[in-house]
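Asker: In the numbering used here, the protein residues as written are 9 to 363.
From the three backbone atoms N, C-alpha and C, an ideal C-beta is built for every residue, glycine too.
Just so we're clear, the structure is a prediction, and the values are computed from it rather than from any experiment.
Dumping the structure here so I can ask a few things about it.
Okay, structure coming up:
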């Protein structure tokens, strides 16, 4: 489905960044073209990678419109994301899945294309869901999340992604390192220390992934608490809902679990034990994957630095991440990478006596 929308402001006067062309009128026109007619009320939601809007409709309803960052994903990769969400929905795993577009037919597409000021945008529309973050200091909540993620993984293991990324050291570690060095953005005084620490940390990641090969399944991939929407039972359909499968990948099951952990090693042991108590009620878990928690955390750190650097021309990033890019940031990253090297040399979390 291709729609055409034009902003009221001439393109020459707009920022060079593509998202600057998503004026309110352009957003409304793009939605109108796919059968979602807004009443003029828009609210931009918190999203940096993409642009996401809550849109009030003329029929009294509301939807959430997601405009994908141009050039990041292909149609095939986004279609796999949407298909995975649809599979989860059919399996009654609570997920906010994309709506069928093109006149609201049952077999309509979930991905649309909008041409705005000559620029091509990919667009998806979702039902609006209310909720709040999970209470991760509650053991019952952690066990519920364990059962929930196990059900998600039960669907994820049924087939493979053919087009989306695999969570490995090359894609999420070595390639981001190479891109950061090529950008020449690290201050000279911090460059050698950060580069050496990063290379040593990635060598430890390589060794851990080789020593502990894990089964690759389809994952949420970015299962931090901000992507878990908790609905109270008295409101109906209580408990966790997954949102934002934008980073869905092939990877080890532990990737969707470790980001729920925080605090001291003892605190994380207790949290992970509770999560796995729930998880194992639904699906087996290989304890060998516990050795991958710190290697996966290391990959996320390196990948996050590259992500920030590569998005810095987006006007939304400098005010949102003012601490990025200076000597202090790279010095802190060097220290944290050295800490990761030490953590990866230690035995994995020991859950004996807690499970």
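1. Short check: CB of residue 102 to CB of residue 236, under 7 Å?
2. So what does residue 134 bridge to, in DSSP terms?
3. With H, G and I counted as helix, E and B as strand and the rest as coil, what does DSSP make of residue 347?
4. Helix, strand or coil for residue 18 per DSSP?
5. State the Cα-Cα distance for the pair residue 324 and residue 331, rounded to the nearest angstrom.
6. How is residue 184 classed by DSSP in three states: helix, strand or coil?
7. Name the DSSP beta bridge partners of residue 258, please?
8. By how many angstroms is the C-alpha of residue 138 removed from the C-alpha of residue 298?
9. Report the residue from 328, 172, 279 whose alpha carbon sits nearest the alpha carbon of residue 153.
10. In angstroms with no decimal places, state the Cα-to-Cα distance between residue 151 and residue 246.
11. Residue 315: which of 185, 295, 29 sits nearest, CA to CA?
12. Just grab the DSSP bridge partners of residue 236 for me.
13. To which residues of the same chain is residue 109 closer than 7 Å at the C-beta, ignoring the five residues directly before and after it?
14. Keeping to the same chain, check which residues put their C-beta closer than 6 Å to that of residue 129; ignore five residues upstream and five downstream.
15. Could you give the residue range of the alpha helix (DSSP H) that holds residue 156?
16. Going by DSSP in three states, residue 389 sits in which element: helix, strand or coil?
17. Can you tell me which of the three DSSP states residue 221 falls into?
18. Between residue 193 and residue 338, is the Cβ-Cβ spacing less than 7 Å?
19. Does the distance from the CB of residue 72 to the CB of residue 85 come in under 7 Å?
Answerer: Quick answer:
1. With contacts defined by Cβ atoms closer than 7 Å, residue 102 and residue 236 do not form a contacting pair.
2. Note: residue 134 sits in a beta bridge opposite 72.
3. Here residue 347 sits in helix by DSSP.
4. Low confidence applies to residue 18: its pLDDT is 37, below 50, so where it sits in the model is not reliable, and the reading given next is rough at best. Looking at residue 18 - three-state DSSP - the assignment turns out to be coil, as it is neither helix nor strand.
5. It is roughly 14 Å from the alpha-carbon of residue 324 to the alpha-carbon of residue 331.
6. Annotated three-state conformation of residue 184 is helix, per DSSP.
7. For residue 258, which the question treats as bridged, DSSP gives the partners 174, 226.
8. If I take the Cα positions, the gap works out to 33 Å.
9. Its Cα nearest to that of residue 153, the residue 279 stands out among 328, 172, 279.
10. Spanning the two alpha carbons is a distance of roughly 15 Å.
11. Comparing Cα positions, the closest option is 185.
12. In DSSP, residue 236 forms a bridge with 250.
13. Cβ neighbours of residue 109 beyond the five flanking positions: 9, 42, 43, 116, 117, 118, 120, 133.
14. In chain order, 75, 122 place their CB closer than 6 Å to the CB of residue 129, counting only its own chain and leaving out the 5 sequence neighbours on each side.
15. Residues 147-164.
16. Lying before the first or after the last residue shown, residue 389 is absent from the chain, which here runs from 9 to 363.
17. Judged by DSSP in its simplified three-state form, residue 221 adopts coil rather than helix or strand.
18. A distance of 7 Å or more separates the beta carbons of residue 193 and residue 338.
19. For residue 72 and residue 85, no; Cβs fall outside 7 Å.
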